[in-house]
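Structure record follows, encoded as structure tokens.
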Amino acid sequence: MLPLAPLPCVADNVTAEKACLADLVHHCCCVDAHTPLAEVQAMFQRLSQDFFAIVHAGKVTGLCSRAAVGGLLGSRYGFALYGNSPVTTARTPRPLIYREDAPLHRIFDEALSRSGSEFFEDVVLVTPAGELVGLVPVPNLARLQLQLFGQQLRRVVEQDDELRQQNLELFQINHQLRQSQGRYKALFENNALGVALLAPSCEVVAHNRRFEQILQLDARPPASRGSLPEWLLTTECARFAEVLAALERAGATIEPTAGDFLFALPDGTTRTIELHCSWVAETGQICTFLEDVTEQRALEQQLARQEKQNMLDTLVAGVAHELNNKLTPVLGFAELLEAVAPPALRMHTQCIRRSSSEAAQIIKQLLNIARPAGTDFSLLDLTALCREAVQMLRYQLREHRCEAVLRVPPEPVWTKGDGPQLKQVLINLVLNALHAMEHTARPELTLVVETDSDGAWLRVHDIGTGIKAEHLSRIFDPFFTTKGPRGTGLGLSISASIVRQHGGEISVDSTPGAGSTFSLRLPVQAGDARSRPSESTQPAESHYDASRRSVLIVDDEEFVRQFMQELLRVSFSCRVELASDGQEAQEKLRDTSFDLIVSDVRMPRVDGLQLRRWIAEHRPELAERVIFITGHAGTMDLDSGLAHIAGTAVIRKPFTVDAIIGACRPYLVPVA
Numbered sequence: 035m036l037p038l039a040p041l042p043c044v045a046d047n048v049t050a051e052k053a054c055l056a057d058l059v060h061h062c063c064c065v066d067a068h069t070p071l072a073e074v075q076a077m078f079q080r081l082s083q084d085f086f087a088i089v090h091a092g093k094v095t096g097l098c099s100r101a102a103v104g105g106l107l108g109s110r111y112g113f114a115l116y117g118n119s120p121v122t123t124a125r126t127p128r129p130l131i132y133r134e135d136a137p138l139h140r141i142f143d144e145a146l147s148r149s150g151s152e153f154f155e156d157v158v159l160v161t162p163a164g165e166l167v168g169l170v171p172v173p174n175l176a177r178l179q180l181q182l183f184g185q186q187l188r189r190v191v192e193q194d195d196e197l198r199q200q201n202l203e204l205f206q207i208n209h210q211l212r213q214s215q216g217r218y219k220a221l222f223e224n225n226a227l228g229v230a231l232l233a234p235s236c237e238v239v240a241h242n243r244r245f246e247q248i249l250q251l252d253a254r255p256p257a258s259r260g261s262l263p264e265w266l267l268t269t270e271c272a273r274f275a276e277v278l279a280a281l282e283r284a285g286a287t288i289e290p291t292a293g294d295f296l297f298a299l300p301d302g303t304t305r306t307i308e309l310h311c312s313w314v315a316e317t318g319q320i321c322t323f324l325e326d327v328t329e330q331r332a333l334e335q336q337l338a339r340q341e342k343q344n345m346l347d348t349l350v351a352g353v354a355h356e357l358n359n360k361l362t363p364v365l366g367f368a369e370l371l372e373a374v375a376p377p378a379l380r381m382h383t384q385c386i387r388r389s390s391s392e393a394a395q396i397i398k399q400l401l402n403i404a405r406p407a408g409t410d411f412s413l414l415d416l417t418a419l420c421r422e423a424v425q426m427l428r429y430q431l432r433e434h435r436c437e438a439v440l441r442v443p444p445e446p447v448w449t450k451g452d453g454p455q456l457k458q459v460l461i462n463l464v465l466n467a468l469h470a471m472e473h474t475a476r477p478e479l480t481l482v483v484e485t486d487s488d489g490a491w492l493r494v495h496d497i498g499t500g501i502k503a504e505h506l507s508r509i510f511d512p513f514f515t516t517k518g519p520r521g522t523g524l525g526l527s528i529s530a531s532i533v534r535q536h537g538g539e540i541s542v543d544s545t546p547g548a549g550s551t552f553s554l555r556l557p558v559q560a561g562d563a564r565s566r567p568s569e570s571t572q573p574a575e576s577h578y579d580a581s582r583r584s585v586l587i588v589d590d591e592e593f594v595r596q597f598m599q600e601l602l603r604v605s606f607s608c609r610v611e612l613a614s615d616g617q618e619a620q621e622k623l624r625d626t627s628f629d630l631i632v633s634d635v636r637m638p639r640v641d642g643l644q645l646r647r648w649i650a651e652h653r654p655e656l657a658e659r660v661i662f663i664t665g666h667a668g669t670m671d672l673d674s675g676l677a678h679i680a681g682t683a684v685i686r687k688p689f690t691v692d693a694i695i696g697a698c699r700p701y702l703v704p705v706a
């Protein structure tokens, strides 16, 4: 809570009508009505205030809160949707705006009788002309009202001899007392947190309605409502006792103690509830605030896991790019050596080439999982998808001593979708099946692909523990898990979302003790409907003499440049020049023409895309004579840039000799 502004010293004869409202002002922060929400959020963070007045043309028009701005910008895509919206988008619906000469009792009545979140909103004071005087927090009003109320009581005692003459005034004071009691009762009952007063024995002395809702008191018999530790899990009681002992020893000299505790509620669920406890020295009681933070803590953990996964994805993409760069000369030189090696060494070169190809395939599989999924669907073979998933999980299958049985038709079963995402769903189902069979003597996993009139079906069957009947209806709910602390409750929920995005559905059939079968139905596609690659744009007719064919190789990896230089010289008898990055290539291209430019994508100083744009602007006749080679674009921006350059081939590292020769052949006349 923000520190309260010091209250004026109110004399005994000062009434509520004579108190100065300006002395209650906490701050005078305001924002223009056209200020974007992103800037307003930054101001909230910088100034550590909870409310700003909204002004237009120098006059106050409303009030905005840190919570409302944070709620809009903190939601999914909130910053993108509302970041540039004016602050009036987050304006509170019913702000209290008073002139500085307004009667205090009217402000007390309206400000302290509000309910819900409106109760905590600051009161805005303005001049008669509507200009901002400042913002008054509700606690300041409450303190002043309490002080005034005490003065009125003392006046009643001191003026007891004037009781008959001041009967009307006494009636007014009593009326104000009833209003004050009503306001404080509203504050207690309408608090957004559960509030309770505990005796030193932890018996609940008093509580509000929100306390009943959080702990589901209506669902418990009256005899079990007495002590707060009765709702705690057994493992939490000792820690809660330590908190109470510390409060009792230190009394009101320490700040309120907060912590998360697990509560077992009457409906059978376990909820995480944050407790704030403070010692009330005057009554020897413990004031306790309760807030259910179960979903909040789960979301915080999910965000932490997502951040970790994003970092891992970035790391995998970067490592894959570097490994592909290193594998390119290994695979290329191995192929060149194999062509000229004697029989005794050919077996070794073949081993190098095969191992490099397998390493490249592993890197490709890692990238399929790590890199962001695209928005365009392509035709996929479900039978191949199953084989790839089983291949990727060979280690886990061996570790669980599980036999994987594939029952797939010999012909492809086509569907349209995102391969990495569907593979993610399949891998998640297989891993869940392995966990379910941890205590099975002879675990067996069956993957089935079949089609019928409803579409293409992919089924994953295990012989594990199965799923309890009462859990089946919630198995796809977010955060629901049967794995205890090991599970996040997100895998099946995300899988179901992915399947729905593909126009399909996912279901489960399970028998406790006998196993489970998860079935995915996806729209089936005809095999002849597959997208065919568009014919590559052929280079324009070269105007260079055939005897002077020349190639420019641009790559920041020295061994890649050397391999490409050797390969093209041997294969095409052409002149090959080298450049270590796009800037060096630009210098060569200013004075020299080339029949072909082979360029890496990710390079220091000037990358491949920037070089291609420079060529289109300064040497347009060479724009269609560029081939890109890349270990991995690494970012969605680069991938998008490659996709939008028409007529430019892209070859992924590590590539084979045949692949690079085939790409270069249309531009260079091969050796006779």
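Residue numbers (my numbering): 35 to 706. Glycine included, every Cβ here is placed at the ideal spot set by N, Cα and C.
Inset, instruction - Look at the Cβ atom of Phe85, then the Cβ atom of Asp143, and state whether they are nearer than 7 angstroms. - result: As a position in the sequence shown, residue 85 is number 51, starting the count at 1. As a position in the sequence shown, residue 143 is number 109, starting the count at 1. Not a contact, by the Cβ cut-off of 7 angstroms.
Legend entry - Proximal residues to Arg128 (C-beta, below 7 angstroms), its chain only, five neighbours per side dropped: For this step, residue 128 is matched to residue 94 along the sequence shown. Result list for Arg128: Glu152, in chain order.
Inset, instruction - Provide the residue span of the alpha helix (DSSP H) that contains Arg421, from first to last. - result: Position 387 of the sequence shown, counted from the first residue, corresponds to residue 421. Taken as a continuous stretch (DSSP letters only), the alpha helix (DSSP H) holding Arg421 covers 416–426.
Legend entry - Cβ shell of Thr126 (< 8 angstroms), same chain only, five flanking positions each side left out: Looking up residue 126 in the sequence shown gives position 92. Gly96, Leu97, Cys98, Ser99, Ala102, Glu152, Glu155, listed in sequence order.
Inset, instruction - Kindly indicate which residue of Ser487, Leu463, Ala470 has the alpha-carbon position closest to the one of Leu481. - result: Looking up residue 481 in the sequence shown gives position 447. Considering only alpha carbons, the answer is Leu463.
Legend entry - CB of His60 within 7 angstroms of CB of Leu169, strictly: Sequence index remark: in the sequence shown, residue 60 carries index 26 (1-based). Sequence index remark: in the sequence shown, residue 169 carries index 135 (1-based). The answer is yes: Cβ separation under 7 angstroms.
Inset, instruction - Along the beta strand (DSSP E) that carries Glu478, what are the first and last residues, could you check? - result: Here residue 478 refers to the residue found at position 444 of the sequence shown. 478–486 is the extent of the beta strand (DSSP E) around Glu478.
Inset, instruction - With DSSP as the reference, please indicate the residues paired to Glu133 in a beta bridge. - result: Here the question's residue 133 lines up with position 99 in the sequence shown. A quick correction: the sequence has Arg, not Glu, at residue 133. Per DSSP, Val160.
Inset, instruction - Specify the secondary structure class of Gln75 as computed by DSSP and reduced to three states. - result: Here residue 75 is taken as the residue at index 41 of the sequence shown, counted from 1. Three-state DSSP puts Gln75 in a helix.
Legend entry - Any alpha helix (DSSP H) of 4 or more consecutive residues that is wholly inside the segment 188–268: 201–223, 243–249
Legend entry - Per-residue DSSP class, three states only, for Ile396: In the sequence shown, residue 396 corresponds to position 362, counting from 1. Three-state DSSP puts Ile396 in a helix.
Legend entry - Selected residue, minimal CA-CA separation from Gly525, among Pro300, Arg508, Gly538: Taking the sequence shown and counting its residues from 1, one reaches residue 525 at position 491. Gly525 has its Cα closest to that of Arg508, out of Pro300, Arg508, Gly538.
Legend entry - Buried/exposed call for Ala230, threshold 16 Cβ in 10 Å: Position 196 of the sequence shown, counting from 1, holds the residue named residue 230. Label assigned to Ala230: buried.
Legend entry - Which residues DSSP lists as bridging Lys457, in chain order: If you number the sequence shown from 1, residue 457 lands on position 423. The partner list for Lys457 (beta bridge, DSSP) is empty, contrary to what the question assumes.
Inset, instruction - Whole angstroms is fine: what's the gap from Ser553's alpha carbon to Ser541's? - result: Your numbering for residue 553 matches position 519 in the sequence shown. Your numbering for residue 541 matches position 507 in the sequence shown. Looking at the two C-alpha atoms, the distance is approximately 5 angstroms.
Inset, instruction - Identify whether Leu702 lies in helix, strand or coil by the three-state DSSP scheme. - result: As a first step, residue 702 must be located in the sequence shown, where it is residue number 668. Coil, per DSSP.
Legend entry - Identified DSSP bridge partners for Gly451: Counting from one through the sequence shown, the residue named residue 451 turns up at place 417. Answer by DSSP bridge pairing, in chain order: Ser412.
Inset, instruction - Taking Val594 as part of the alpha helix (DSSP H), name the residues at either end of that continuous run. - result: Residue numbering aside, residue 594 sits at position 560 when the sequence shown is read from its first letter. Unbroken alpha helix (DSSP H) run through Val594: 592–606.
Legend entry - Closest residue to His68 among Glu264, Gly92, Leu58 (Cα-Cα distance): Residue 68 sits at position 34 when you count from the first residue of the sequence shown. When only C-alpha atoms are compared, the closest one is Gly92.
Legend entry - Backbone CA spacing between Val684 and Val558 [nearest angstrom]: Start at 1 with the first residue of the sequence shown, and residue 684 comes out as number 650. Start at 1 with the first residue of the sequence shown, and residue 558 comes out as number 524. Distance between the alpha carbons of Val684 and Val558: 31 angstroms.
Inset, instruction - In the DSSP assignment, find the alpha helix (DSSP H) that holds Glu618 and state where it starts and stops. - result: Locating residue 618 in the sequence shown gives position 584, where the first residue counts as 1. Run containing Glu618: 616–625, per the alpha helix (DSSP H) assignment.
Inset, instruction - Tell me where the alpha helix (DSSP H) around Ser531 begins and ends. - result: The sequence position of residue 531 within the sequence shown is 497, counting from 1. Note, Ser531: alpha helix (DSSP H), 525–535.
Legend entry - Inter-residue spacing [alpha-carbon to alpha-carbon] between Cys236 and Glu316: As a first step, residue 236 must be located in the sequence shown, where it is residue number 202. As a first step, residue 316 must be located in the sequence shown, where it is residue number 282. Computed Cα separation, rounded: 17 angstroms.
Legend entry - Contact belief for Leu456 with Gln430 at Cβ below 8 angstroms, rounded distance in angstroms: Numbered from 1 along the sequence shown, position 422 holds the residue referred to as residue 456. Numbered from 1 along the sequence shown, position 396 holds the residue referred to as residue 430. That belief does not hold up - the Cβ atoms of Leu456 and Gln430 are roughly 19 angstroms apart, past 8 angstroms.
Inset, instruction - Could you check what DSSP says for Cys311 in three-state terms: helix, strand or coil? - result: Residue numbering aside, residue 311 sits at position 277 when the sequence shown is read from its first letter. Correct three-state label for Cys311: strand.
Inset, instruction - Count the other CB atoms, across all protein chains shown, that sit within 10 Å of the CB of Ala257; report buried if there are 16 or more and exposed otherwise. - result: Mapped onto the sequence shown, residue 257 falls at position 223. Per-residue confidence for Ala257 stands at a pLDDT of 48, beneath the threshold of 50, marking its modelled position as unreliable; no derived number is given.
Inset, instruction - Assign Cys608 to buried or exposed, taking buried as 16 or more other Cβ atoms, counted over all protein chains shown, within 10 Å of its Cβ. - result: The count along the sequence shown starts at 1 and reaches residue 608 at position 574. It is buried - the Cβ of Cys608 has at least 16 other Cβ atoms within 10 Å.
Inset, instruction - Starting from Pro23, follow its DSSP beta bridges and name the residues at the other end. - result: Residue 23 is absent from the structure shown; the chain starts at 35 and stops at 706.
Legend entry - Val442, DSSP secondary structure in three states: As a first step, residue 442 is located in the sequence shown; it is residue number 408 there, counting from the start. The answer is coil: DSSP assigns Val442 none of H, G, I, E or B.
Legend entry - Secondary structure of Glu539, DSSP reduced to three states: Counting from one through the sequence shown, the residue named residue 539 turns up at place 505. It is a strand residue.
Legend entry - Option in Glu282, Ser82, Phe628 with minimal Cα separation from Gly318: Sequence index remark: in the sequence shown, residue 318 carries index 284 (1-based). Taking only the C-alpha atoms, the option nearest Gly318 is Glu282.
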